[in-house]
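In terms of the working numbering, the sequence shown is numbered consecutively and its last residue is 551.
Backbone N, C-alpha and C define an ideal beta-carbon position, used for all residues, glycine too.
On a predicted model such as this, the values are computed, not experimentally measured, just so you know.
The block underneath contains the structure these notes are about, expressed in structure tokens.
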Amino acid sequence: MTDNRTLLIVDDCAEDRKVYRRYLLRDPHFRYEIVEADSAETGLTLWQQMQFDVVLLDFCLPEMSGFEFFDQLIDKEFSKLPCVIMLTGHGDEKLAVQAMKLGVHDYLVKNNLKSDVLQLTVRNAIKQSHLQAQLIKTQEQQRLIATTALRIRQSLDLDQILQTAVTELHRLLKCGVAVYQFAMDFSNDEIMSIQSYSTLRDQLFGSCEQVDTTGTHSRWQCQGLISNIYTAGLQQPHDLVHTFESKTDLVIPISLNHEAKLWGLLVAHHGLEERLWQVDEVKILNEVSVQLAIAIQQAELLVQTQASLVKEKQLNEFKSQFIATVSHEYRTPLASILAAASTLKQHSDKLDILKQQRFLEMIEQKARHMSKLVDDMLLLNQIQLNKTTFKPVPLNLIHFFDDLLEQQRLVVGDTHELILKVTGNCRSFWGDKNLLLQIFTNLVSNAIKYSPDGGNITIHLLDKEAEIIFQVMDEGIGIPTKELDNLFQSFNRASNVDTIPGTGLGLVIAKACVELHGGKITLESLVGKGTLVTVSLPKSRKLGNGHN
């Protein structure tokens with residue numbers, strides 16, 4: 004099979020043009036479409052109007068020399084660099100050297116010119132020209148890709164990186180470009196929502212619900228380059244590409260090295276008509292997607308580093324508060340323990356049994372308070388270091404709260420009435436028993452402790468469609484409204500607690516354990532009337548999110 008090529012002969016001699024035509028039409032490799040010009044002016048006009056693969060140029064034209072003709076081709080800045088073979092009636096070595104320096108592809112002497120020599124020279128000139136054009140194009144592409152990559156990676160802000168990427172690719176490819184970042188619901192391994200960055204007036208994606216991502220990475224690697232999504236043979240139950248409006252979207256997966264699943268998609272959009280993407284366009288998009296993945300990793304690393312610095316600062320503050328709290332909270336009970344122990348040691352023979360018992364009970368009470376303080380701080384430290392694990396199991400909440408309240412009743416005696424109310428079916432729940440104990444032991448203990456005059460402590464369970472609502476209500480001293488938010492910070496206590504003992508860690512621990520369940524906790528209170536703590540926990544929480 005022969006290739007078709009276009010060729011322009013510029014020569015004022017009709018006989019020479021006829022010879023060149025005859026020789027070239029015998030070429031077994033190329034089929035030529037030959038156009039002739041008998042003057043320089045006609046030749047320049049034809050070159051401007053048509054795209055020729057090669058020009059056979061006579062050096063001695065009536066109006067100008069071959070060098071002058073060649074200079075005008077270049078000066079006119081046509082879209083394609085000229086591939087010129089110069090011919091002259093007499094051989095001249097200096098002339099040949101000068102022609103080659105100017106950029107002429109080859110130089111032939113008309114006298115004794117053979118057909119096979121002309122055919123081979125033209126074929127080689129065409130091949131060399133095409134290789135040179137491809138090299139220039141590749142170099143320009145690499146320059147543009149390098150420039151684009153530099154602009155993308157100038158920022159460490161993820162939003163700016165993605166917006167820069169779509170803007171630069173839009174400028175390079177002259178088409179709509181979008182980046183889609185998948186947001187995952189880790190409880191059921193599905194894509195639930197999509198964050199997009201686009202140069203398109205209308206987004207390619209609508210709402211995306213419950214797209215199965217099992218094997219997504221390998222699937223998109225195989226099916227990433229799509230010219231027509233309706234003939235691509237994609238057969239997923241919730242096929243992501245069917246949400247595209249256009250048949251001609253080029254889709255490149257973005258996956259980060261440290262993640263097994265798809266981070267998102269880089270999509271180029273070229274209107275509503277079917278269109279085959281060029282190899283160089285695919286290459287640009289692929290290479291930029293690699294640079295984009297690197298920039299995303301750097302941005303995420305920065306976020307992680309900043310989060311680590313914040314966490315380190317918080318831990319240092321916690322250590323300082325720990326030391327201050329221990330020195331403060333331990334001083335009083337230790338003084339009481341030492342005083343009671345000294346009294347028993349020195350005067351036990353003068354004290355009756357009841358007084359000795361009271362001293363021993365005081366020592367036990369103070370020791371328990373100190374032990375609770377240490378346990379709370381150790382647990383809070385584990386949570387802040389992300390070492391607390393979430394281990395959900397099926398629970399009967401009625402039995403759970405019956406046992407919890409029975410233990411509390413042994414402590415409070417008859418001073419408080421502990422009431423459990425249930426609305427709906429709250430027997431079956433998926434949760435971490437140890438963390439739930441931390442939450443509600445702290446909340447119920449607080450309700451009792453800050454109700455020094457007794458009263459009702461009500462625990463109300465409400466079954467909702469997707470969550471369980473837990474409410475702990477007391478009739479105690481209440482909390483000033485402006486101080487409610489501060490109580491979820493370590494070692495903070497309300498200003499009206501007076502001499503009621505406490506560490507300021509109970510609500511902090513409860514909130515952290517609630518968040519491990521993917522839930523929320525809120526406070527409502529009136530001074531002198533009591534406090535209502537509301538905890539909402541999702542029913543379907545089967546995996547920890549961040550502390551596993």
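Rounded to the nearest angstrom, what separates residue i and residue j at their Cα positions?
i, j, result
"L11", "G46", "8 angstroms"
"R412", "E420", "8 angstroms"
"R156", "Q294", "8 angstroms"
"T461", "N489", "24 angstroms"
"S118", "Y26", "5 angstroms"
"S323", "F494", "11 angstroms"
"K21", "G179", "51 angstroms"
"L586", "N499", "This structure cannot speak to residue 586, because the chain is shown only from 4 to 551."
"P395", "Q307", "27 angstroms"
"R146", "D6", "32 angstroms"
"A298", "R29", "56 angstroms"
"F70", "E44", "14 angstroms"
"A152", "H273", "22 angstroms"
"Q166", "T150", "15 angstroms"
"E486", "V536", "14 angstroms"
"V13", "Y23", "11 angstroms"
"A302", "L312", "15 angstroms"
"C429", "A450", "22 angstroms"
"C16", "L116", "15 angstroms"
"Y35", "K177", "34 angstroms"
"D435", "H520", "8 angstroms"
"G458", "D406", "20 angstroms"
"K467", "V517", "17 angstroms"
"K286", "Q54", "26 angstroms"
"V254", "L269", "6 angstroms"
"H372", "K542", "35 angstroms"
"A168", "Q137", "26 angstroms"
"L438", "F393", "8 angstroms"
"L49", "G94", "28 angstroms"
"Q360", "P504", "22 angstroms"
"F362", "A344", "8 angstroms"
"Q368", "G522", "34 angstroms"
"G531", "W266", "53 angstroms"
"L318", "Q441", "21 angstroms"
"Q492", "G416", "31 angstroms"
"T9", "L304", "55 angstroms"
"A497", "N445", "16 angstroms"
Three-state secondary structure (DSSP) at residue i?
i, result
"G531", "coil"
"S543", "coil"
"Y23", "helix"
"P483", "coil"
"N127", "helix"
"C16", "coil"
"I503", "coil"
"P240", "With a pLDDT of only 30 at P240, under the threshold of 50, the placement of this residue in the model should not be trusted; the figure read from the coordinates follows. In the structure shown, P240 sits in coil (DSSP, three-state: anything other than H, G, I, E or B)."
"M103", "helix"
"F33", "strand"
"L354", "coil"
"P256", "strand"
"Q142", "helix"
"R154", "helix"
"G509", "helix"
"E518", "helix"
"K322", "helix"
"E71", "helix"
"L3", "This structure cannot speak to residue 3, because the chain is shown only from 4 to 551."
"E248", "Residue confidence is low: E248 scores 45 on pLDDT, short of 50, so the model does not pin down where it sits. Its coordinate-derived value is still stated next. Coil, per DSSP."
Where do the N-terminal and C-terminal ends of the beta strand (DSSP E) with residue i fall, by residue?
i, result
"D466", "G458 to D466"
"F494", "Unbroken run through F494: none, as it is neither H nor E."
"W280", "Looking at the DSSP string, W280 is not in any beta strand (DSSP E), and its letter there is neither H nor E."
"F443", "Run containing F443: none in the beta strand (DSSP E); it sits in the alpha helix (DSSP H), K436 to K452."
"Q474", "E470 to M476"
"L268", "G267 to H272"
"D109", "D109 to V112"
"L90", "V87 to T91"
Within the present structure, is the beta-carbon of residue i separated from the nearest heavy atom of the ligand MN by less than 6 angstroms?
i, result
"T502", "For the ligand MN, the structure offers nothing, since it holds no ligand at all."
Within the continuous alpha helix (DSSP H) that includes residue i, where are the two ends?
i, result
"L49", "A43 to Q52"
"L161", "L161 to L176"
Could you confirm whether any beta carbon from chain C is found closer than 7 angstroms to the beta carbon of residue i?
i, result
"L111", "In summary, chain C is missing from the structure at hand, where a single protein chain is found."
* Just list the beta strand (DSSP E) runs in the region 375-418, keeping only unbroken ones of 3 residues or longer that don't cross its boundaries, in chain order. => 396-399
* Is there contact here, the region 391-407 with the region 370-377, by at least three beta-carbon pairs under 8 angstroms? -> no
* With contact counted as at least three CB pairs below 8 angstroms, one residue from each stretch, are the region 125-133 and the region 98-109 in contact? -> yes
* **the region 504-520 in contact with the region 440-454 per 3-pair CB rule at 8 angstroms** => yes
* Kindly confirm or deny that the region 52-64 and the region 83-96 touch, where touching means at least three C-beta pairs closer than 8 angstroms. => yes
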